[in-house]
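Letter 176 of the sequence shown, counting from 1, is numbered 176 in my numbering, and no numbers are missing.
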Amino acid sequence: MINLTSLMEFRNFMVALPQSNKLIEEKAIERNSKLTKPNGSLGHLEEIAIWYASWSGTTKPKLDAPQVAIFAGNHGIAAHPGVSAFPAEVTQQMVLNFKAGGAAINQLSKTFGAKMDVYPLDLDKPTSDFTKSFAMTESELLKSLQAGWDAVDPSADLFVAGEMGIGNTTSASAIAAALYGGGAKAWVGRGTGIDDRGLQLKRQVVDAGLLFHKDILMDPLVVLQALGGREIAAMVGAIASARARSIPVLLDGFICSAAAAVLHKINPKALDHVQAGHVSAEGAHAQILKRLEKNPLLALDLRLGEGSGATLAIGVLKGSLACLSGMATFSEAQVSQS
Numbered sequence: 001m002i003n004l005t006s007l008m009e010f011r012n013f014m015v016a017l018p019q020s021n022k023l024i025e026e027k028a029i030e031r032n033s034k035l036t037k038p039n040g041s042l043g044h045l046e047e048i049a050i051w052y053a054s055w056s057g058t059t060k061p062k063l064d065a066p067q068v069a070i071f072a073g074n075h076g077i078a079a080h081p082g083v084s085a086f087p088a089e090v091t092q093q094m095v096l097n098f099k100a101g102g103a104a105i106n107q108l109s110k111t112f113g114a115k116m117d118v119y120p121l122d123l124d125k126p127t128s129d130f131t132k133s134f135a136m137t138e139s140e141l142l143k144s145l146q147a148g149w150d151a152v153d154p155s156a157d158l159f160v161a162g163e164m165g166i167g168n169t170t171s172a173s174a175i176a177a178a179l180y181g182g183g184a185k186a187w188v189g190r191g192t193g194i195d196d197r198g199l200q201l202k203r204q205v206v207d208a209g210l211l212f213h214k215d216i217l218m219d220p221l222v223v224l225q226a227l228g229g230r231e232i233a234a235m236v237g238a239i240a241s242a243r244a245r246s247i248p249v250l251l252d253g254f255i256c257s258a259a260a261a262v263l264h265k266i267n268p269k270a271l272d273h274v275q276a277g278h279v280s281a282e283g284a285h286a287q288i289l290k291r292l293e294k295n296p297l298l299a300l301d302l303r304l305g306e307g308s309g310a311t312l313a314i315g316v317l318k319g320s321l322a323c324l325s326g327m328a329t330f331s332e333a334q335v336s337q338s
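Okay, here's the thing in structure tokens:
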């Protein structure tokens with residue numbers, strides 16, 4: 001565990017990241033080649049099982065203690081007309097729904113045996129309007145990074161980050177545009193379901209934020225501070241924290257992937273412990289996954305957030321591990337091998 005008192009501490013961690021176990025990876029590849037199936041016949045399942053094994057430290061891994069963490073934050077830019085189809089108070093209302101067990105993510109977490117935790121982050125204090133100032137002070141950014149870092153359960157064997165925050169697709173779009181270029185038109189989608197007029201207004205807000213901060217967007221952490229939200233910063237901290245503990249991570253949708261992009265820009269190896277749980281219906285999500293070089297496990301046109309797509313993908317990951325760990329080899333089953 002680290003205690004973040006400055007952004008330099010976080011930067012220093014990002015320089016020397018823990019690595020996967022290459023010996024275990026080689027042994028998992030060897031074991032996979034001997035299982036009673038044509039080599040490669042399980043497609044991407046084989047790759048993700050070997051990837052997971054390399055982080056778990058065993059050639060016969062099991063997934064018994066997945067953790068889903070939902071981070072919630074409010075955004076100053078949500079006050080702009082058209083940014084969201086829902087009012088800002090919905091964030092707090094949904095947090096209460098999560099805690100009461102009534103949301104989609106509650107049902108999915110329960111179905112796949114995941115522990116689910118909810119972290120509301122200063123909901124009574126929205127971030128500042130990023131078209132006029134930094135969204136967060138450095139102190140607020142550090143506090144959010146630390147909240148995400150501390151949220152990761154050291155006993156978890158998989159981590160899924162989810163989010164809730166009215167206006168956060170606008171923030172995520174601004175982050176993606178700042179990191180990769182292309183302006184608002186390339187990255188802004190309909191989010192919670194805004195109409196054409198709302199989409200135009202949302203793009204104007206993002207372009208205004210990019211213009212206001214145009215001279216200070218060379219540093220990914222500055223991008224996060226200037227344009228991000230507390231829940232997005234917390235996901236950045238959580239994904240990094242999982243890396244410190246060698247816990248594999250499944251990314252959720254566009255907003256979670258924008259958080260991951262901050263880490264990827266700091267260090268291109270920062271997401272080696274990460275797989276993309278799904279690709280969502282938010283148009284820019286596929287673009288950002290391509291930049292991160294992540295192939296999604298699922299494509300179901302989801303656009304809910306909450307960690308829902310990544311939590312569904314736990315089932316796919318469990319299936320892949322069951323095959324790698326439980327299948328017999330040709331010699332064990334006394335099956336002839338070509």
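Ideal placement from N, C-alpha and C gives every residue a C-beta, glycine not left out.
- Rounded to whole angstroms, the gap between the alpha carbons of G198 and F134 is 23 angstroms.
- Ranked by how close their Cα comes to the Cα of K110, the residues L145, P66, V188 have P66 in first place.
- Cβ-Cβ distances below 6 angstroms link T127 to H75, G76, A135, M136, G229 in the same chain, with the five nearest sequence neighbours on each side left out; the list follows chain order.
- Shown here, I175 sits in a helix according to DSSP, grouped into three states.
- As for any beta strand (DSSP E) of minimum length 3 sitting wholly inside the segment 126-210, the runs are 158-164, ordered along the chain.
- Within the DSSP bridge table, the entry for K115 names Q67 as partners.
- In this structure I48 is not in contact with N32, their Cβ atoms being roughly 11 angstroms apart against a cut-off of 8 angstroms.
- Cβ-Cβ separation between I105 and F98: approximately 7 angstroms, consistent with a contact (criterion under 8 angstroms).
- Assigned with DSSP and collapsed to three states, P268 falls in coil, not helix or strand.
- Closest in alpha carbon position to M327, among E46, Q92, P248, F13, is E46.
- In this structure, T329 places its C-beta atom within 8 angstroms of the C-beta atom of L35.
- If you look at A276, you'll find it in the beta strand (DSSP E) that goes 274-276.
- If you draw a straight line from the Cα of L96 to the Cα of L217, it comes to about 36 angstroms.
- The beta carbon of Q287 lies closer than 7 angstroms to none in the same chain, with the five residues before and after it left out.
- Within the model, the alpha-carbon separation for K294 versus Q275 is close to 6 angstroms.
- Take the alpha-carbon of A322 and the one of A53: they are about 12 angstroms apart.
- Pairing V118 with A238 gives a Cβ-Cβ distance that is not under 8 angstroms.
- The C-alpha of L4 lies about 14 angstroms from the C-alpha of L221.
- Close CB contacts of Q225 within its chain, under the 6 angstroms cut and outside five residues either way in sequence, are with F134, M136, L141 (chain order).
- The C-beta of E89 has fewer than 16 other C-beta atoms within 10 Å across all chains shown, which makes the residue exposed.
- By the C-beta density criterion, Q146 is buried, having at least 16 other C-beta atoms within 10 angstroms.
- Only residues of its own chain outside the window of five on either side were considered, and among them L210, L217, V223, L227 have a CB closer than 7 angstroms to the CB of A178, listed in chain order.
- Distance from the CA atom of G101 to the CA atom of I255, rounded to whole angstroms, is 23 angstroms.
- A234 and W149 have their alpha carbons spaced roughly 7 angstroms apart.
- For E163, the number of other beta carbons within 10 angstroms of its own is at least 16, and it is reported as buried.
- Looking at the backbone, the Cα of S241 and that of P18 are separated by about 11 angstroms.
- In the DSSP assignment, L250 falls within the unbroken beta strand (DSSP E) covering 249-251.
- The closest CA to that of A260, considering only V279, I232, R245, is found on I232.
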